[in-house]
Amino acid sequence: MMRKLLFFIFLLSSGLLNAQKSTISGYVKEASSGEGLIGASVYVKELKTGNVTNTYGFYSLTLPAGKYTLVFSSSGFKKREQSVEVAAKSQEISVELVADSQELAEVIVKARANDENVRGIEMSVNKVDIKTIRKIPALLGEVDLVRAIQLLPGVSTVGEGASGFNVRGGGVDQNLVLLDDAPVYNSSHLFGFFSVFNPDAVKDVKLFKGGIPSMYGGRASSILDVKMKEGNAKKLEVNGGVGVIFSRLSIEAPIVKDKASFIVAARRSYIDVLAKPFLTGNNANSKFSFYDLTAKVNYTINQKNTVFMSGYFGRDVFGTGFGFDWGNTTLTTRWNHVFSNKLFLNATAFYSNYDYMLDSDIENKRPNDAFKWTSNIENLSIKPDFTYYWRPDNTITFGGQLLTYDFTPGKANATSNGEKREFGQANKQGVEASAYVGNDWKINSRLTIQYGVRYSHYDYKSLNGEYYDRIPVPESTENPSGYVLKINQTDPNAVVASYGNWEPRFALNVTGNESSSLKLSYNRLVQYIHLMSNTAASTPLDVWTSSTNNIKPQIVDQVALGLFKNFGPDGNNYESSIEIYYKDMQNQIDYADRANLFLNPYFEKDLLFGKGRAYGIEFFLKKNVGKLTGWASYTLARTERKIEGLNNNEWYANRYDRTHTLNLVGQYSLSDKWSFGANFAYITGVPYTVPSQKYIFDGIAYPQTVPGTRGNIRVPDYHRLDISATKKNKKALFGKGSSEWVFSVYNVYNRKNPFSIYTRPNEDNSVQTEAVQLSIIGSFVPAITYNFSF
């Protein structure tokens, strides 16, 4: 199947290369830094048509012979017009746009053409400008990308302090988080309170919740695509900040002016340093900190070739007598090549690794009694992506990817009285190969379609030479799942299971007038890897595993329908949208009661399988201009599972279900010196399972859950208000640049929001049980941060 698809792509691209070559192409860049502008508009006045730049600022227009006026524009920049005469010979025209200081002061939320939300084919997509993210009040005054996207419709989290985010009823593992195309498996620092993305190094943030183009694959719910800055190719630029909990510093500068540049950004928390004088006894050597380093370098060889290299390294360290650390490492290399004025290649190779370690004896004081646990998931990939600009109204994308997975789900070494024992789960390996083709076609001024297909193939190997068949047996207290495993022997290099799936994609935009449109999208997504977790607790002990002969790939079909409308005195002062969606999920995983997932080589017998569904409606209203800007979003949603052996085989709300989600975000610019921000969040409590029975033994009551019960209560609703004030100074460090003070209060009215509820014997009456609510942050948190740039 894949060979046929690749052959079709070859024939398609070969035929198109023979098309007419009266083409204008080039790059649209930012004048102050030389960075390519993503999504800048290139409009032909006379023909009332145009195109937008890609991720690297490249554009291409094929036009009939004649004289035209090209209008280059991007939100936050002054428009630039240029006359051009198109003849038989192709031309290269690159321009730089100058920032519009007045527009930057007013247009805070937007980062695209004025009516792109209406006319563009994308739906269920949110692009949040990094300038906007910086203005949102945050915990301890620290700008955080993941917390910002949780304020968008259809996005939530299972609780304060939980890592990651949930999109339209999907799990954390169903989000593909990309940093310069390399996957990040745990996007959180400090048990979920901060993300791994340094805002000083981030250029572009885009979240796909639906209508996902065929070039993306590998996860079942969403794509969070984060692009790093390339570094200022014009001059030295230094940015940084000093906060309550950590400080950050970034340096970017040209290596060869207008040809090569770099950026290096670093952060380091100092909770451990500040707390050390107050720690005594067993806690004197406690460790709790995080740090990360982000770097990128690029070199423009010539007009047709540019190379990039970027990397991320981050680590969290926590321990009081024992060691607990986890972190991500990514390395991405890219080659941009312009084959012709119509054909653009972005070839990417990346390495990604997420690992963690738990060590009971980091100081080697008890070598005869120790325990050490390690785990990791590692990727290598090569990915060529082609874009063919056939005509201004027709763009074709095609390419493929080869991606390898090496799983070490968990290895432990235990030493007791000098005797060592090794145990854990077997290493696994997976290879995912995919190919895709897609087409964006503006049929006329009112109708645009995007269609494509992706084919993915996955091979699984068990590297210890064993694989398992699940054999049904009667359910019992010792075996609540109703299965046992039969062990089979195989060659470690043999493929144990293979899967192949077609993933069709389709989107349609019907424009009613210049200010409104109706959009429809459908996509199928397939996910071959799985995060094993039977708790909503915030823990970096992530057990990633492969699809096997027992664990089938997750398959999700989503359809969405949306109405988009802009309005206001200037036509686009306000943006609004209403979207409804429905997701059908196959091969969903839940867990038998008392399932043991950690270091259990036979955990597959504790898994239960079934289907899921998620549906809802999302409302979004955004104010773009003026002193007061911001947005309001409301989501009414439901997400359910139906798993064989659970809840009497009936539908139940799973742990990501949030019935109501309301977010209000506002920024007010009082003057050139002072600005203020506030956000309010209200979310229905998540389903939770608590014991509904108890038994008494030796005068003590022990809570007991009815077998197979899921989500029999909800934790109390979550709501929170945050505020901030920003004071801009005239000068920064050393009397240069600019600086600001940010004063913030997180959780203003001291709400003790619940993270979970658990049941325990009553301390005063041991034959009674009591429910206890756990709150991660139970009070307001003030903070002050000093930011500078020069």
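Using the numbering used here, the first residue of the sequence shown is number 350, and each one after it goes up by one.
A virtual CB, placed ideally from N, CA and C, is assigned to each residue, including glycine.
Whether residue i touches residue j by CB criterion (8 Å)
{"i": "Ser390", "j": "Ser432", "result": "no"}
{"i": "Lys691", "j": "Tyr737", "result": "yes"}
{"i": "Val859", "j": "Leu796", "result": "yes"}
{"i": "Ile612", "j": "Ser596", "result": "no"}
{"i": "Glu1089", "j": "Lys1077", "result": "yes"}
{"i": "Gln1122", "j": "Pro1103", "result": "yes"}
{"i": "Asn922", "j": "Asn973", "result": "yes"}
{"i": "Ile1062", "j": "Glu509", "result": "no"}
{"i": "Leu1215", "j": "Gly592", "result": "There is simply no residue 1215 to check, as the chain begins at 350 and stops at 1139 in what is shown."}
{"i": "Ala763", "j": "Phe720", "result": "yes"}
{"i": "Gln778", "j": "Tyr754", "result": "yes"}
{"i": "Gln799", "j": "Glu815", "result": "no"}
{"i": "Trp893", "j": "Ile726", "result": "yes"}
{"i": "Glu586", "j": "Ala602", "result": "yes"}
Helix, strand or coil at residue i [DSSP, three-state]
{"i": "Asp906", "result": "strand"}
{"i": "Phe952", "result": "helix"}
{"i": "Lys1079", "result": "coil"}
{"i": "Leu446", "result": "strand"}
{"i": "Thr753", "result": "strand"}
{"i": "Val495", "result": "helix"}
{"i": "Asp621", "result": "helix"}
{"i": "Ile612", "result": "strand"}
{"i": "Lys465", "result": "In the sequence under discussion, the amino acid at residue 465 is Glu, which differs from the Lys named in the question. Reduced to three states, the DSSP call for Glu465 is helix."}
{"i": "Lys480", "result": "helix"}
{"i": "Gly849", "result": "strand"}
{"i": "Leu489", "result": "helix"}
{"i": "Met881", "result": "strand"}
{"i": "Val1064", "result": "coil"}
{"i": "Pro829", "result": "coil"}
{"i": "Ile604", "result": "strand"}
{"i": "Ser505", "result": "strand"}
{"i": "Arg1100", "result": "coil"}
{"i": "Ser765", "result": "strand"}
{"i": "Ser1093", "result": "strand"}
Backbone CA spacing between residue i and residue j [nearest angstrom]
{"i": "Tyr700", "j": "Pro548", "result": "22 Å"}
{"i": "Ala291", "j": "Thr1033", "result": "Not covered by the structure: residue 291. The range shown for the chain is 350 to 1139."}
{"i": "Ile498", "j": "Gln1117", "result": "43 Å"}
{"i": "Tyr1095", "j": "Glu999", "result": "40 Å"}
{"i": "Lys480", "j": "Leu680", "result": "26 Å"}
{"i": "Arg1059", "j": "Val420", "result": "58 Å"}
{"i": "Ser362", "j": "Pro821", "result": "Confidence is the limiting factor: at Ser362 the pLDDT is only 44, short of 50, which leaves the residue's position unreliable, though a coordinate-based value still follows. Cα to Cα, the separation comes out at about 51 Å."}
{"i": "Leu729", "j": "Val575", "result": "19 Å"}
{"i": "Glu434", "j": "Asp607", "result": "27 Å"}
{"i": "Glu928", "j": "Asn677", "result": "35 Å"}
{"i": "Asp704", "j": "Ser1138", "result": "34 Å"}
{"i": "Ser830", "j": "Pro1056", "result": "10 Å"}
{"i": "Lys1140", "j": "Ser709", "result": "The question about residue 1140 has no answer, for the chain in this structure spans 350 to 1139."}
{"i": "Glu953", "j": "Phe756", "result": "15 Å"}
{"i": "Thr988", "j": "Pro413", "result": "51 Å"}
{"i": "Tyr640", "j": "Pro502", "result": "31 Å"}
{"i": "Lys810", "j": "Pro853", "result": "27 Å"}
{"i": "Ile900", "j": "Pro733", "result": "30 Å"}
{"i": "Trp684", "j": "Gln750", "result": "15 Å"}
{"i": "Gln907", "j": "Ala846", "result": "26 Å"}
{"i": "Ile731", "j": "Val780", "result": "12 Å"}
{"i": "Lys459", "j": "Gln937", "result": "Residue confidence is low: Lys459 scores 39 on pLDDT, short of 50, so the model does not pin down where it sits. No coordinate-derived value is stated."}
{"i": "Lys394", "j": "Tyr376", "result": "19 Å"}
{"i": "Ser689", "j": "Ile442", "result": "14 Å"}
{"i": "Leu446", "j": "Gly406", "result": "12 Å"}
{"i": "Arg461", "j": "Arg740", "result": "Residue placement at Arg461 is flagged as unreliable, the pLDDT there being 43, under the threshold of 50; the coordinate-derived value follows with that caveat. Going by the C-alpha atoms only, they are around 22 Å apart."}
4 or more residues per run - each alpha helix (DSSP H) lying fully within the region 726-750
none
Counting pairs of Cβ atoms below 8 Å between the region 577-585 and the region 692-710, do you hit three or more?
The region 577-585 vs the region 692-710: no contact.
Residue ranges of each beta strand (DSSP E) within the region 515-598, 3 or longer
Counting only runs of 3 or more, we get 524-528, 551-557, 571-577 and 586-591.
Which full runs of the beta strand (DSSP E) of 3+ residues lie inside the region 767-813, going along the chain?
768-773, 777-791 and 796-811
Enumerate, from N- to C-terminal direction, the unbroken beta strand (DSSP E) stretches of 3 or more residues contained entirely within the region 976-1060.
Taken in chain order, the whole beta strand (DSSP E) runs of length 3 or more contained in the region 976-1060 are 977-992, 1009-1018, 1023-1032, 1042-1046 and 1049-1053.
Across the region 581-601 and the region 373-391, are there enough close Cβ pairs to call them in contact, namely three or more that are closer than 8 Å?
The way I'd put it, the region 581-601 does touch the region 373-391; three or more beta-carbon pairs between them come closer than 8 Å.
Segment contact flag, the region 1017-1025 with the region 949-966, C-beta cutoff 8 Å, min 3 pairs
Judged by Cβ distances under 8 Å, the region 1017-1025 makes no contact with the region 949-966, as fewer than three pairs qualify.
Within 8 Å, do at least three Cβ pairs link the region 999-1015 to the region 533-542?
no
If contact is defined by three or more beta carbon pairs under 8 Å, each pair taking one atom from either stretch, is the region 860-876 in contact with the region 734-748?
no
For the region 804-824 against the region 975-982, are there 3 or more C-beta pairs whose distance is under 8 Å?
With the cut-off at 8 Å, the region 804-824 and the region 975-982 do not touch.
Please specify which runs of the beta strand (DSSP E), each continuous and at least 3 residues long, are wholly inside the region 914-976, giving them in chain order.
923-940 and 956-972
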